[in-house]
Each structure stands twice: as C-alpha cells, then as structure tokens.
Amino acid sequence: MFLQVVLLSILGFIFYQDLKYRALHILLPILILIVGSLLLHFPLNLILKNALVNICFFLFIFGAMVLYMRIRHKNFANPLQAYFGLGDVLFFVSITPLFELKKYLVFLITSMLFAIILYFLFLKKKEIKSIPLAGFSSILLGFILIVKNFLEPFFLLLC
Numbered sequence: 005m006f007l008q009v010v011l012l013s014i015l016g017f018i019f020y021q022d023l024k025y026r027a028l029h030i031l032l033p034i035l036i037l038i039v040g041s042l043l044l045h046f047p048l049n050l051i052l053k054n055a056l057v058n059i060c061f062f063l064f065i066f067g068a069m070v071l072y073m074r075i076r077h078k079n080f081a082n083p084l085q086a087y088f089g090l091g092d093v094l095f096f097v098s099i100t101p102l103f104e105l106k107k108y109l110v111f112l113i114t115s116m117l118f119a120i121i122l123y124f125l126f127l128k129k130k131e132i133k134s135i136p137l138a139g140f141s142s143i144l145l146g147f148i149l150i151v152k153n154f155l156e157p158f159f160l161l162l163c
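Here the sequence shown stands for residues 5 to 163, where the numbers follow my numbering.
Quick look at the structure:
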C-alpha cells in the first residue's frame, strides 16, 4: 500500500510539473520505473523482458510519428524540441514494466486521446500551444491504479 501511495504521489508531481513548467525533473521517471517495478510480483527477468518489448514497441510508434511529422511539415528539426518533450518520452518508457504489450498499446492510445481531449477542454482557450502529454497521461495512469486498487478486493464478487 505504501508503494502505491508513493507511485500516485510521483504521478501527481509529474502532472503538476508538466502542467506548470512543461518539463519534468529527471528523477521522476526514474522513480516511476523503480517504484513500479517494486510493485510487481513477477520475477525480474520477466519484468525486464516485458519492459524491453514495450520499449521497442514505443520506439517504433514514436519513430513512425516523427517520420510522419517530418514528411508532413517538411521539417527535419529535432523531434524532442519540435514535436514531443523529452519528459514525455521518458515517462512512456518508465511505465513500460507496468503493462503487458496489449495493455501498453491501449494505454498509449488512450492517454494520447485523453491528453488531446483535456487540452481542448481546458488549455486551448488559454491559447497554450503545447500539450502536457506526460502530465495528462500520469493523471490517467493514477486513475487506473486507484480504480484497480478499489476493484481488486471485489473481483471475486464480480466473477
């Protein structure tokens, strides 16, 4: 329970920092990686294998998005300055041990849609150009963790 509260606190800090500064402290994704891995009850080799598969998948998707943006905008700028933040990339890499590949794919797509919806609901009116992707995604992940925690004791009752 303590580690879950720590993880939720880290996600809260990510939301705050990304929303306010559009930047993340480098320790936050590292802490997510460490605390998230400690929460899992699997052998270390399985956690590492799962994380590696998810990282490869993320890098493939990220590379495809960068290629699309470069072709569409005819711009060969640094993708971490022009399209995405380094904090966004580090956040999505740091959460890879928490998901199986299919669930990671669903979370990745859902969190991007969630971030776009929140941007248009709250930030577009303020004429803010960038989307705090890691911040909004951390809120979604926190919500998922809270719901999972509350539903887990009732899982046997629901089956």
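Note that the Cβ used here is the ideal one computed from N, Cα and C, for glycine as well.
In this text, all values refer to a predicted model and were calculated from it rather than measured experimentally.
Residue i (DSSP reduced to helix, strand or coil)
i, result
"Tyr108", "helix"
"Tyr72", "helix"
"Ile135", "coil"
"Lys78", "coil"
"Pro33", "helix"
"Gly16", "helix"
"Gly91", "helix"
"Ala27", "coil"
"Met5", "coil"
"Ile121", "helix"
Close beta carbons around residue i, own chain, < 8 angstroms, minus the five adjacent residues each side
i, result
"Ile34", "Ser98"
Whole-angstrom distance between residue j and residue i, CA atom to CA atom
i, j, result
"Lys130", "Phe124", "10 angstroms"
"Leu52", "Pro101", "7 angstroms"
"Phe62", "Phe96", "8 angstroms"
"Ala27", "Phe46", "32 angstroms"
Exposure label - residue i; buried when at least 16 CB within 10 Å
i, result
"Phe126", "exposed"
"Gly40", "buried"
Chain-order list of residues whose beta-carbon lies under 6 angstroms from that of residue i (same chain, five-residue window excluded)
i, result
"Ile143", "Phe19"
Own chain partners of residue i with C-beta closer than 7 angstroms, once the 5 adjacent residues on each side are dropped
i, result
"Val70", "Pro83 and Tyr87"
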